[in-house]
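K.L.:
Have a look at this one before I ask anything.
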Amino acid sequence: MAQTPKTSSKTAAKSKRFPPKKNLPQSLGIGKLLLKGVLLIGLIGCVLVGIWAYFLNERVVQRFSGTLWKLPATVFAAPQEIYVGQHLSPNALISDLTALHYRDRPDLIETGTYARIGNEIKIHRRAFDFPDGNEPDKQLRIVFVNDEVKAVTDAAGADLGISRLEPMMIGQLYPDINEDRILLNVEQVQKDAPLLINTLITVEDRDFYTHHGVVPSAVLRALFVNFTSGHTVQGGSTITQQLAKNLFLTPQRSLQRKAAEAIMALEMEWHYPKDKILEGYLNEVYLGQDGSQAIHGFGLAARYYFGRPIDELRPEEIALLVGMVKGASFYNPRHNPERARERRDTVLDLMANNGLITPTQAGELKQKPLGVLTEKGTTSAHPAFLNLVQRQLAQQYNPDDLKTKGLRIFTTMNPSVQTALEQSVNVLSSIEKARKYPADTLQTAGIITSIGTGEVQALIGGRDPTFEGYNRALDAQRQIGSLIKPSIYLAALSDPAKFSLITPLDDSPLTVDQPGSKPWNPENYDRKFQGPTPLYVDLAQSRNVPSIRLGLDVGLNNVADMLHKLGGPAIKPFFPSMLLGSMTMTPFNVAQIYQTLSSDGFYSPLRAIRSVVDASGKPLTRYPLTVTQVADPNALYLLQYALQGVVNNGTAASLNKTIPPSVGVAGKTGTTNDSRDAWFAGFTGNRVGVVWVGRDDNKPTSLTGASGALPIWAAAFKNLYNKPRDMTPPKGINFVHVDVAQQARVPTACPGVLIPFISGFEPQKVQDCQAGGNAPSDNPLNPILNFFR
Amino acid sequence: MPIYPPPSPFLRRAAAIGAVITGLSLLAGCASAPPRQAMRPAPVYPQPPVVPAVQAHPLLMPQMQEQRLPNASQNQPAPYDNGGIETPNTPTMQAMPTASAPAVIALVTRAEAQTAAGDLGGAEATLERAVQIQPNNPRLWLDFAQLRLAQNQPAQAEQFALRAVQYAVGNNGLRAAWLMVAKTRDAQGNAIGASDARRKAGVMPTSPTQTQG
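In order, the protein sequences belong to chains A and B. Heads up: the first sequence at position 130 corresponds to 130 in the working numbering, and the numbers run straight through without jumps. Here the working numbering runs 789 ahead of the position in the second sequence, where the first position is 1.
Here's what the structure looks like:
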């Protein structure tokens, strides 16, 4: 291109240095001058275009040599495991499959389909690249008996024991530019969805594989149309030109931009193979808008509109997406379904005319509905949980890398547990109605974690689970009230020579001297005193005064140490009033403490992330399970036994109406001064849950832990499978039949209770049955003994 | 922090040995366990009647058979005082007697394959899946301890071994768990702690009180 003008420029320069002879005719001189001028302008123009083209070329090469796009990180929930022995109903599995946009298709030919026949569900599972290895696409057969999985086999009938579905995508972490895409690889698309590529080329650029980026005749035609119509009408762009425009240029339509587009298209074709350009196009094309996020590329669009990967798209769905390239908002199937349908049908006709489908097929497919999901199929909003994920990631990753490198983040969120927790907040409205509070007076926060491993399965930061603001689960510092008591009792029970579950604690008026302030006269919640009561009863009934006595007896420092070891904050100095939980903590802190109590005294930091892998699938970081034994297992067993009493017949007894007593829930209610905070923390055999209820302005309510927080906890857990707690005692525990009032062992035939003791610290005194179970009438301790009877 | 360096040949070998132990022993574990003891009654207040109001269900496994775990001392280069209790009989381990045994067997088999292939991170992820299913299975915590040893994290390994002690069932199970504790303490250079653990492995008496109640 630049060659010809260069030669002529030499001539022009020469003629300048050697002026023409004077005897030449004047007219010729003028013509020559004109020619020279034109040549000069042409020359300058060409040089300028050359320079421009050079700079455009730089941009093309630079963009293509690096990563083409900033990729947001994708966040996944924990995958649904399916295993023999699992409590799972066929309906629950089908709702999991539906959430992953599987279709009910008895032939199971495509991935992403399932079929149910009676108590059997067959699944054609999609392949997925897990951080710990690839799971290929596979046909699975699941047999259920009474909501329990009895067999998991492959198509050939071989027992697998366990399998898992691909994890649900729960969100993305975006860079500041609001773009989003799921990156497609062109070879993969050619293999898995050839119809998409063929349709795209048929509709957008039939000569794609033969032209060199620009089709001159099309450009001329477009220029002519634009000229005659008096305004710019789009047209004549090849796929390459469209990509150049989308990648490098503004959407404004001008001649200059059109020229740049053509030059860049030529340059792209010069440097890169057709497939690379096609790949760029597949990923870059604009296909819609999700709030502030632009939907780029067919991968994300397939997910956004149909909830599926591109290889599962059907011909009519491909027709719709390809049709939308012409104008994604004009043909938006959710907002303008009629227009979108018309456009889809046009594309179906084009497909038939070009032999991609038969005319009969086209006719049939036109009868089909658009099939677009009413809800966007990309992400589900769980902002509070994602917020926790981001905080845990921020400890290790640069925020920029996190949002631009296409990292894949595998979290611990369990979608069905999260749903159960999110739905449980509806209880707040009925509490407000029953107590005649104005609507939205109360706020809440909740966390559910898994026993044993400390994985956070669900988290809500307020009563509106979709709200992206204040995350009360992580940030609300509230007084914890009686939730502190297990730390006191565990510190005591760790000294078996001094304390057992039946040690009588004195429930009578108490004055605590505090240096620098007035003496403190703590009260019980019911403002009564009951005299000596056994330790386990005091915990079950959450008696304040005996608990304070016990804490003072054990030593404030020991209580503070125990609290810290269990995973709570280090509190120094620890004031006597803190024995009633006057210190503040977040619900997350509390969950950490109860996690340790539920895990037999092994502390594991609560985790929201399992691992992070880079865009190529290489593992970057694992967040490993760690355990640290922080409490004596025997003492902890006694504490769990007492915490089960809280639910069995203590302050949380109302839970038995919702959760079967056979689950053996252990927990603790908490209520702070003037009912500003209502808490319940409890655990089953498989999960720990903590719920807080109160007001953001910290004003009083009339709620207790049992009437405010427990109902939400119960509403969440009643929709989950609750494994009964394994109450097998550890080696150092001995159950003994005792008469609590006598502090003595009694024969099993006598009235008494079976109480666990740490071996070697059982009551030494052995006694026969009292006649008829009554104490001798001359016993001076009768009032107390009668209490126990 | 925990980005995986490629395991050294030594670690690979250690891991492979671990895999063999865990493999054999797991098969035993999952297939066999005595029925769990009946659940203890929950606290009842006030005192009588004697019949507990709440009883949790024991999770029973129908048919149990025992299999042997290779003697842990075979992999224990350092000789130790076993208090004369050690016999040619190898300690056995039991798994949680639940219906989910096939799932756990499948996962542990996978973890072994991953360990053998040097993919310790993958093995770790797989064991975590198993622990989610059976958090009280001592075998899984022992496998974890072995894995942490292979990852050169003996202090964490000790904690996992202690958790295995917590859930171990029967004398043989306890012995195997305490021997693992000893091994992890050796790896930390804690000779006193290790010999204490060996003493517990060797002389742990049957607790007659276990059957009471």
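All C-beta atoms, glycine included, are put in the ideal place defined by N, C-alpha and C.
Less than 8 angstroms between the beta carbons of residue 714/A and residue 625/A, yes or no?
P.N.:
With respect to the 8 angstroms criterion, residue 714/A and residue 625/A are not classified as neighbours on the basis of their beta carbons.
K.L.:
Which residues share a DSSP beta bridge with residue 78/A?
P.N.:
Per DSSP, none; premise fails for residue 78/A.
K.L.:
Apart from the five residues just before and just after residue 571/A, which ones in its own chain have a Cβ nearer than 8 angstroms to its Cβ?
P.N.:
560, 563, 564, 578 and 583
K.L.:
So what does DSSP say about residue 991/B, is it helix, strand or coil?
P.N.:
helix
K.L.:
Look at residue 958/B and residue 927/B and say whether their C-beta atoms are less than 8 angstroms apart.
P.N.:
yes
K.L.:
Could you tell me the alpha carbon to alpha carbon distance between residue 206/A and residue 916/B, rounded to whole angstroms?
P.N.:
53 angstroms
K.L.:
Pull up the distance between the alpha-carbon of residue 187/A and that of residue 270/A, whole angstroms please.
P.N.:
21 angstroms
K.L.:
Determine, using beta carbons only, whether residue 790/A and residue 895/B come nearer to each other than 8 angstroms.
P.N.:
Only positions 1 to 789 of chain A appear in the structure, and residue 790/A is not among them; the question remains open.
K.L.:
Please report the straight-line C-alpha distance between residue 706/A and residue 646/A, rounded to a whole angstrom.
P.N.:
11 angstroms
K.L.:
Would you say residue 741/A and residue 767/A are within 8 angstroms of each other, going by their C-beta atoms?
P.N.:
Result no, Cβ atoms of residue 741/A and residue 767/A do not sit closer than 8 angstroms.
K.L.:
So, is residue 796/A buried or exposed, given that buried needs 16 or more other C-beta atoms within 10 angstroms?
P.N.:
In the structure as shown, chain A begins at 1 and stops at 789. Residue 796/A is therefore absent and cannot be evaluated.
K.L.:
Taking DSSP as the reference, what is the three-state secondary structure of residue 341/A?
P.N.:
helix
K.L.:
Can we say the stretch 433-442 of chain A touches the stretch 693-705 of chain A, given the rule of at least three CB pairs closer than 8 angstroms?
P.N.:
Contact holds: three or more Cβ-Cβ distances are below 8 angstroms.
K.L.:
Relative to the C-alpha of residue 792/A, which candidate in 86/A, 361/A, 223/A and 281/A has its C-alpha closest?
P.N.:
Outside the shown range of chain A (1 to 789) lies residue 792/A, about which nothing can therefore be said.
K.L.:
What residue range is occupied by the uninterrupted beta strand (DSSP E) comprising residue 69/A?
P.N.:
No beta strand (DSSP E) holds residue 69/A; DSSP gives it neither H nor E.
K.L.:
If I follow the unbroken alpha helix (DSSP H) through residue 687/A, where does it start and stop?
P.N.:
Counting along the chain, residue 687/A falls outside any alpha helix (DSSP H), though it belongs to the beta strand (DSSP E) covering 687-694.
K.L.:
In terms of residues, what are the limits of the alpha helix (DSSP H) holding residue 964/B?
P.N.:
959-976
K.L.:
Along the chain, where does the alpha helix (DSSP H) that runs through residue 681/A open and close?
P.N.:
It is not in any alpha helix (DSSP H) - residue 681/A instead sits in the beta strand (DSSP E) that spans 677-683.
K.L.:
Using a Cβ cut-off of 8 angstroms (strictly closer), state whether residue 915/B contacts chain A.
P.N.:
yes
K.L.:
Look at the alpha carbon of residue 931/B and the alpha carbon of residue 664/A, and state the distance between them as a whole number of angstroms.
P.N.:
28 angstroms
K.L.:
Going along the chain, which residues of its own chain have a beta-carbon closer than 7 angstroms to the beta-carbon of residue 362/A, five neighbours each way excluded?
P.N.:
348, 349, 351 and 352
K.L.:
For residue 416/A, report the span of its alpha helix (DSSP H) as first-last.
P.N.:
Per DSSP, residue 416/A is one residue of the alpha helix (DSSP H) stretching across 415-424.
K.L.:
At the 8 angstroms Cβ level, is residue 960/B part of the contact set with chain D, yes or no?
P.N.:
Annotation note: the requested chain D is absent from the structure, which comprises protein chains A and B.
K.L.:
Give me whichever residues DSSP pairs with residue 134/A in a beta bridge.
P.N.:
129/A
K.L.:
Identify the contact partners of residue 894/B in chain A, using a Cβ-Cβ distance below 7 angstroms as the criterion.
P.N.:
Here the neighbours are 161.
K.L.:
Considering only the alpha carbon of each residue, which of 114/A, 411/A, 328/A and 316/A lies closest to residue 297/A?
P.N.:
328/A
K.L.:
Report yes if the CB atom of residue 733/A is closer than 8 angstroms to the CB atom of residue 702/A, and no otherwise.
P.N.:
no
K.L.:
For the beta strand (DSSP E) that contains residue 148/A, what are its first and last residues?
P.N.:
148-154 is the span of the beta strand (DSSP E), which, as asked, contains residue 148/A.
K.L.:
Nearest by alpha-carbon distance to residue 391/A: which of 147/A, 409/A, 404/A and 375/A is it?
P.N.:
It is 409/A.
K.L.:
Using DSSP's beta-bridge definition, name the partner residues of residue 87/A.
P.N.:
148/A
K.L.:
So is residue 977/B in contact with chain A if we call contact Cβ pairs under 8 angstroms?
P.N.:
So, not an interface residue.
K.L.:
Closest to residue 396/A by C-alpha separation, out of 609/A, 471/A, 197/A and 306/A, would be which residue?
P.N.:
609/A
K.L.:
Roughly how many angstroms lie between the CA atoms of residue 457/A and residue 414/A, to the nearest whole one?
P.N.:
5 angstroms
K.L.:
Are the C-beta atoms of residue 897/B and some chain A residue less than 8 angstroms apart?
P.N.:
no
K.L.:
Check distances from the C-beta atoms of the stretch 602-617 of chain A to those of chain B and list, in chain order, the residues that come in under 8 angstroms.
P.N.:
602, 610 and 611
K.L.:
Using CA atoms only, rank isn't needed, just tell me which of 576/A, 607/A and 71/A is closest to residue 591/A.
P.N.:
607/A
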